[in-house]
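Chemist: Here you go, one structure.
Numbering (UniProt numbering), first residue to last: 1 to 189.
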């Protein structure tokens, strides 16, 4: 099964994270992350929700990370070793190290500039989330639609007025994945 590291940039915002994790739940791919990626997610969530009480944020983060690790017990890569790579941001080397340790073929990230192909090991590539989503849709349209249907059925959890599958598709197409609506339509959804 295709394996991909989920960079922190795709684990927040929550709707994009939900879509990626639901696709993994449907066995479209195997997600990979490390403690350090989860620590970065913790930091981002705290920064974005600084207006809330610490107890609420602590509880949310604890629940989120616990649920992620419980749903995908083989996603957490423990034996991440240090690598010497020439990345634009040296703080991102741990993401590539996680990909190597987790035997991932890709890093899904919104920060492609931080992972130039020439600086990555030959067997790992960085993919933007929209390209990953469209590739996943093309490879398995039924499972992709099933994943979006599951998310739509839980609508409202993200503060969005999403009430139906089509509303979710329109929102994702506009915000995170241009071309999603037309590609789904080509596949009969």
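Note that the Cβ used here is the ideal one computed from N, Cα and C, for glycine as well.
Remember, it's a predicted structure, so these values are computed and weren't measured experimentally.
1. If you draw a straight line from the C-alpha of residue 113 to the C-alpha of residue 30, how long is it?
2. According to DSSP, what are the bridge partners of residue 81?
3. In this structure, how does DSSP classify residue 151 when only helix, strand and coil are distinguished?
4. Kindly list the residues whose CB is nearer than 6 Å to the CB of residue 106, restricted to its own chain and excluding five residues on each side of it in sequence; keep chain order.
5. Can you give me the C-alpha to C-alpha distance between residue 100 and residue 144, rounded to a whole angstrom?
6. Where do the ends of the alpha helix (DSSP H) carrying residue 182 lie?
7. Would residue 115 and residue 133 be called neighbours here (beta carbons separated by less than 8 Å)?
8. Going by DSSP, which residues form a beta bridge with residue 33?
9. Can you list, in chain order, the residues of its chain with a C-beta nearer than 8 Å to that of residue 149? Leave out the 5 residues immediately preceding and following it.
10. Count the C-beta pairs between the segment 39 to 55 and the segment 5 to 13 that are closer than 8 Å, then say yes if the count reaches three, no if not.
11. If you pair each beta-carbon of the segment 21 to 36 with each one of the segment 69 to 89, do three or more pairs fall below 8 Å?
12. Alpha carbons only, please: which of 53, 2, 152, 20 is nearest the one belonging to residue 68?
13. Quick one: give me the first and last residue of the alpha helix (DSSP H) that residue 24 is part of.
14. Under a three-way DSSP split, which group does residue 3 fall into?
15. Cβ atoms of residue 94 and residue 36: under 8 Å apart, would you say?
16. Please state whether the Cβ-Cβ distance between residue 168 and residue 147 is less than 8 Å.
17. Hey, residue 183 and residue 120: beta-carbon distance below 8 Å or not?
18. Please confirm whether residue 16 and residue 129 have their CB atoms less than 8 Å apart.
19. Please classify residue 22: is it buried, with 16 or more other beta-carbons within 10 angstroms of its beta-carbon, or exposed?
Modeler: Taking the definition as stated:
1. As a working mapping, residue 113 is identified with position 113 in the chain shown. As a working mapping, residue 30 is identified with position 30 in the chain shown. Looking at the two C-alpha atoms, the distance is approximately 24 Å.
2. Here residue 81 is taken as the residue at index 81 of the chain shown, counted from 1. None; residue 81 has no bridge partner.
3. What you label residue 151 is simply residue 151 of the chain shown in a count that begins at 1. Reduced to three states, the DSSP call for residue 151 is helix.
4. As a first step, residue 106 is located in the chain shown; it is residue number 106 there, counting from the start. Taken in chain order, the residues that qualify are 4, 125, 127.
5. Within the chain shown, the letter at position 100 stands for residue 100. Within the chain shown, the letter at position 144 stands for residue 144. If you take the alpha carbons of residue 100 and residue 144, they lie about 27 Å apart.
6. The count along the chain shown starts at 1 and reaches residue 182 at position 182. Element bounds for residue 182: 180 to 186.
7. For the purposes of this step, residue 115 is taken as residue 115 along the chain shown, with counting starting at 1. For the purposes of this step, residue 133 is taken as residue 133 along the chain shown, with counting starting at 1. Not closer than 8 Å, so no.
8. As a working note, residue 33 is residue 33 in the chain shown. DSSP lists 76 as partners of residue 33.
9. Looking up residue 149 in the chain shown gives position 149. Result list for residue 149: 165, in chain order.
10. yes
11. yes
12. Numbered from its first residue, the chain shown carries residue 68 at position 68. Nearest C-alpha to residue 68: 20.
13. As a first step, residue 24 must be located in the chain shown, where it is residue number 24. First-last of the alpha helix (DSSP H) with residue 24: 14 to 25.
14. Position 3 of the chain shown holds residue 3. Strand, per DSSP.
15. Position 36 of the chain shown holds residue 36. Position 94 of the chain shown holds residue 94. In this structure, residue 94 lies closer than 8 Å to residue 36 by Cβ.
16. Here residue 168 corresponds to residue number 168 of the chain shown, with the count starting at 1. Here residue 147 corresponds to residue number 147 of the chain shown, with the count starting at 1. Against a cut-off of 8 Å, the Cβ pair of residue 147 and residue 168 comes out as no contact.
17. In the chain shown, residue 183 corresponds to position 183, counting from 1. In the chain shown, residue 120 corresponds to position 120, counting from 1. No, these two residues do not count as a Cβ contact at 8 Å.
18. Residue 16 sits at position 16 when you count from the first residue of the chain shown. Residue 129 sits at position 129 when you count from the first residue of the chain shown. Yes. Within cutoff.
19. Numbered from its first residue, the chain shown carries residue 22 at position 22. Flag for residue 22 reads buried.
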